[in-house]
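**Student:** Got a structure for you, questions after.
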Amino acid sequence: MSNPKTLAFAIMDPPFESARSTTFFRLLEIAAGRGYNLNVFAYEGGVHLSFEQQKAHGNGVHGTDVETEHHPLPKIWVGEIIATAKKNGGAVNWVNCGLCADERGIDKVVEGVRRGGPADFWKLAAASDNSLVIGTR
Amino acid sequence: MKALQIIETAYRGTLEEQDDTIIWLTHSMRDAGAELSVLLTGNAVNYAVKGQDASGLSFGDWKQTNPPRIEAELEKLIGKGVPVYAVRDDIDRRGLGKVAKVTGVQLVARNALAALLEAHDLVWHW
Amino acid sequence: MSSFMLISSRDPFECGDTENFYRLAVDLKTGGSDVTLFLVQNGVLPARDGAENLALRQVVHSGVRVVADEFSLRERAVGRSELADGIAAVSLERVVDALAAGAKTIWH
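So the sequence lines, in the order shown, correspond to chains R, X and H.
Letter by letter, the first sequence follows residues 25 to 161 in our numbering.
Letter by letter, the second sequence follows residues 138 to 263 in our numbering.
Letter by letter, the third sequence follows residues 3 to 110 in our numbering.
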């Protein structure tokens, strides 16, 4: 893609708590599919999205085992978004707020996610064509 | 590039974080050279009120020795050249019209927000 | 004047500030901006015809473009034919389009 756009996103929510994190991933999927470059700043609870220790489970209420339940794990979505962007000529620069990760014990994250500081969101936004903040409540 | 930081929810994790996380983030970005303004809306207009005191939290032997000082952080932000606005309508609805406020906080009517948004390149609602 | 993409994710029946966000959309439009109000998540609930949505109807009548995320609608069993007048079901692609076009995009 010639002259791809670069978009910055900030997300504050952990997974499994609100609809916002899912909509956030839907937006990333669309942009990655277009070959856009994505700058992501995961702030506060958002650092949980890429936590490597997320585990799928079966569901007794649904009567499903692990395989049938196919439980969504955002850490996998992060990897898929990175792969989709790459396949379409884009790149994902995913930064977790380091202090936010420390206070939550998020010490293992999936490949492609790096640690940064709070001011990084400004740098990411300044290097992008546009930005969207999805705050928490 | 100038961004408007909108803070709508007050006291969100502030006792655990020892700060409002968006005011703190605004400090960090400002220190890195960002051009920012802050708009307090909803219950976050209470951040502009003088006399907030979050001290005294304790659990067993653990005592909070460094509580959040949001009012002081807001003053420091203004001192760094970050304009801080608060929605006058939200102030009035909460009976804060005549309450002492942090010096330098600029009150803006809700029907003037459109112009404030127009005056910024980016609008970030946290 | 700027273009604005205002994303309304909260149900006005639950969140009092949602109507303030609607009003901001109207004020921006009145000031001459190009404004889209994009309803998503529980923000689509007042889009159903018959819902108590006077404030949202006022947004539609102001000339603000009001659209609703088709996935969020389907998830909540709101059919296209059940949408209030002036509100269209669209893909979330619309938000990415706006970002790419440089619209000031605000999540509420």
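The beta-carbon is built from N, C-alpha and C at its ideal position, and this holds for glycine as well.
Which residues share a DSSP beta bridge with Q243 of chain X?
**Tutor:** Answer is X:Y222, bridged to Q243 of chain X.
**Student:** Does the beta carbon of R225 of chain X sit closer than 8 Å to a beta carbon anywhere in chain H?
**Tutor:** Closer than 8 Å: no.
**Student:** Is F49 of chain R closer than 8 Å to I100 of chain R when the C-beta atoms are compared?
**Tutor:** No. Outside cutoff.
**Student:** Kindly identify the DSSP beta-bridge partner or partners of W109 of chain H.
**Tutor:** The partner list for W109 of chain H (beta bridge, DSSP) reads H:I9.
**Student:** Could you check what DSSP says for V194 of chain X in three-state terms: helix, strand or coil?
**Tutor:** Looking at the sequence shown, residue 194 of chain X is not Val but Leu. It is coil, neither helix nor strand.
**Student:** So is V37 of chain H buried or exposed if we call it buried at 16+ other beta carbons inside 10 Å?
**Tutor:** The residue in question, V37 of chain H, is buried, as its Cβ has 16 or more Cβ neighbours within 10 Å.
**Student:** Between the Cα of M3 of chain H and the Cα atoms of X:H257, X:W261, X:H262, which residue gives the shortest distance?
**Tutor:** Of the listed residues, the one whose Cα sits closest to M3 of chain H is X:H257.
**Student:** Any Cβ of chain R within less than 8 Å of the Cβ of E95 of chain H?
**Tutor:** At least one chain R Cβ lies under 8 Å of E95 of chain H.
**Student:** Does the separation of the CB atoms of V102 of chain R and V134 of chain R fall below 8 Å?
**Tutor:** Yes; because the gap between Cβ atoms is below 8 Å, this pair is in contact.
**Student:** What residues in the stretch 3–18 of chain H bring their beta carbon closer than 8 Å to a beta carbon of chain X?
**Tutor:** Going along the stretch 3–18 of chain H in chain order, one finds M3, S4, F6 with a Cβ nearer than 8 Å to chain X.
**Student:** Residues of chain H with CB under 7 Å from K29 of chain R, in chain order?
**Tutor:** Those are A102, listed as they occur along chain H.
**Student:** Counting C-beta neighbours from all protein chains within 10 Å, is the total for N27 of chain R 16 or more, i.e. buried, or is it exposed?
**Tutor:** Burial call: exposed.
**Student:** Where does C17 of chain H fall in DSSP's three states?
**Tutor:** Three-state result, C17 of chain H: coil.
**Student:** Could you pull out every residue in the same chain whose Cβ sits closer than 7 Å to the Cβ of V137 of chain R, ignoring the five residues on either side in sequence?
**Tutor:** Once the five neighbours on either side are set aside, the close Cβ partners of V137 of chain R are S74, V102, W118, N120.
**Student:** Could you say which of R:E76, R:S42, R:Y60 lies nearest to G113 of chain R if we only look at CA atoms?
**Tutor:** Considering only alpha carbons, the answer is R:Y60.
**Student:** Helix, strand or coil for E172 of chain X per DSSP?
**Tutor:** Three-state result, E172 of chain X: strand.
**Student:** Within 10 angstroms of the Cβ of A27 of chain H, are there 16 or more other Cβ atoms? Answer buried if so, exposed if not.
**Tutor:** Result: buried.
**Student:** S90 of chain X CB to nearest chain R CB: under 8 Å?
**Tutor:** Not covered by the structure: residue 90 of chain X. The range shown for chain X is 138 to 263.
**Student:** Could I get the ranges of all uninterrupted alpha helix (DSSP H) runs contained in the stretch 10–71 of chain H, with 4 residues as the minimum, in chain order?
**Tutor:** With a minimum length of 4 residues, the continuous alpha helix (DSSP H) runs that stay inside the stretch 10–71 of chain H are 19–32, 56–63.
**Student:** Using the beta-carbon count (16 or more within 10 Å), is H262 of chain X buried or exposed?
**Tutor:** Buried is the call here.
**Student:** In chain order, what residues of the same chain have a beta carbon less than 8 Å from the beta carbon of L173 of chain X, not counting five sequence neighbours either side?
**Tutor:** Only K139, A140, L141, Q142, T163, M166, R167, V219 meet the Cβ criterion.
**Student:** Between S152 of chain R and the rest of its own chain, which residues show a CB-CB distance below 7 Å, the 5 nearest in sequence each way excluded?
**Tutor:** Taken in chain order, the residues that qualify are T30, L31, A32, N63.
**Student:** Given that a residue counts as buried once 16 or more other Cβ atoms are within 10 Å of its Cβ, and exposed if not, what is H86 of chain R?
**Tutor:** Under this definition H86 of chain R is an exposed residue.
**Student:** At a CB-CB cut-off below 7 Å, which residues of chain X make contact with N22 of chain H?
**Tutor:** Ordered by position in chain X, the residues that pass the 7 Å Cβ test against N22 of chain H are R247.
**Student:** Given a cut-off of 8 Å, decide if V61 of chain H and L39 of chain H are closer than it, judged by their beta-carbon atoms.
**Tutor:** Cβ distance < 8 Å, so L39 of chain H and V61 of chain H count as in contact.
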